[in-house]
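In the working numbering, the protein residues as written are -9 to 353.
For glycine and all other residues, C-beta sits at the position ideal for the given N, C-alpha and C.
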Ligand code: AHG
Ligand code: MN
Ligand code: MN
């Protein structure tokens, strides 16, 4: 494919920057460093067993991250790649990652900058050893002015900003092709890695999520722990053409949120990992700062919606770095419906056929 009619990621970022004549270029430099990290991770993922990076990360006593989950070698490697590719350039005040309990401080030999980078270096890592798509997902925040001016070490509180304050968010998907999907607050654009050039090329400009869908994704093995509004929504979808929705639905579950988000950006759908009663110490499975917030901004920027079920994800004030939260995102009309179900007073479920969900809950 000749290089005549597509933008590279670099060209795209430079053209975007022209909208802000005073911009320093730090932001673009940061995104390009993140993109390079993603290219390096894509290569490690693609080599699989040949790269010597499959399997669990083995250290004495086992390697359990702050989430209480076993780390894969590729989780640890990807985290390292994100750090090394971005820490040196003077654009960051600090970082936070799924794989690190505390905020990461920019080493003393490097200048500090005005952005915070928050990331899940490898999402869906249970899929690595079975050769199914995984991804990286990240969020960029501005650090408070006093931190920028003083260059002091960052603390957890510096990261506790609502999703609405994100400057940028994106993910890389390591699938049949490697893609980088990015928002800098002006829509969502998708880039495909041309492996021969080593460049991300703009292939999916101005991505929009269809407002309606007949596809939903949820881990149904948790159904006995779901709250009533989620149960109701899923039951109605499963009832299909003859149920209250009057149409048949499809289900999907990849167990890799980035891959699910990508499918939804491409063709619509709804994804739910709702709050449930499985483990009362965990209000949801996914993490607010580096999973729910970046995916939320991407959805909203593409005309979709992201929610806790009760309120817009972008409005949630975080209370801790690794906070978990119930997450629903995707096609706008479906997410709004799920929010409506949460807002309505609990329905009395009766065994009488007359009051079965099919009739009682009919639109
Ligand atoms: P991670 O690999 O970063 O821990 O995240 C995995 C997440 C998410 O990507 C996916 O949607 C979900 O966990 C899968 O959960 P189940 O194993 O409960 O299906
Ligand atoms: Mn994850
Ligand atoms: Mn992860």
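query: Euclidean distance between Cα positions of residue -4 and residue 75; result: 26 Å
query: Burial state of residue 268 (16 or more Cβ within 10 Å); result: exposed
query: Proximal residues to residue 189 (C-beta, below 6 Å), its chain only, five neighbours per side dropped; result: -2
query: Residue 303 and residue 317 closer than 8 Å at C-beta; result: yes
query: Given residue 157 as reference, the closest of 173, 145, 112 once Cα atoms are compared; result: 173
query: Three-state secondary structure assigned by DSSP to residue 128; result: strand
query: C-alpha distance - residue 175 paired with residue 135, whole-angstrom precision; result: 21 Å
query: Residues that residue 179 bridges to, as DSSP identifies them; result: 172
query: Stretch pair the segment 254 to 262 + the segment 205 to 216: three plus CB contacts closer than 8 Å; result: yes
query: Cβ neighbours of residue 332 in the same chain (closer than 6 Å, five flanking residues each side left out); result: 219, 299, 300
query: Paired residues, beta bridge with residue 78 - DSSP; result: DSSP output for residue 78 lists no bridge partner at all.
query: Test item: CB-CB of residue 47 and residue 62 under 8 Å; result: yes
query: Closer than 5 Å: residues whose CB approaches a heavy atom of ligand 2; result: 110, 113
query: Runs of alpha helix (DSSP H) wholly within the segment 264 to 312 (minimum 4 residues, chain order); result: 283 to 291
query: First and last residue of the uninterrupted beta strand (DSSP E) at residue 113; result: 105 to 113
query: Where the beta strand (DSSP E) through residue 193 begins and ends; result: 189 to 194
query: Segment limits, alpha helix (DSSP H) that includes residue 317; result: It is not in any alpha helix (DSSP H) - residue 317 instead sits in the beta strand (DSSP E) that spans 317 to 320.
query: Cβ-heavy atom distance, residue 65 to ligand 3, below 7 Å; result: yes
query: With 16 other Cβ atoms within 10 Å as the buried cut-off, status of residue 168; result: buried
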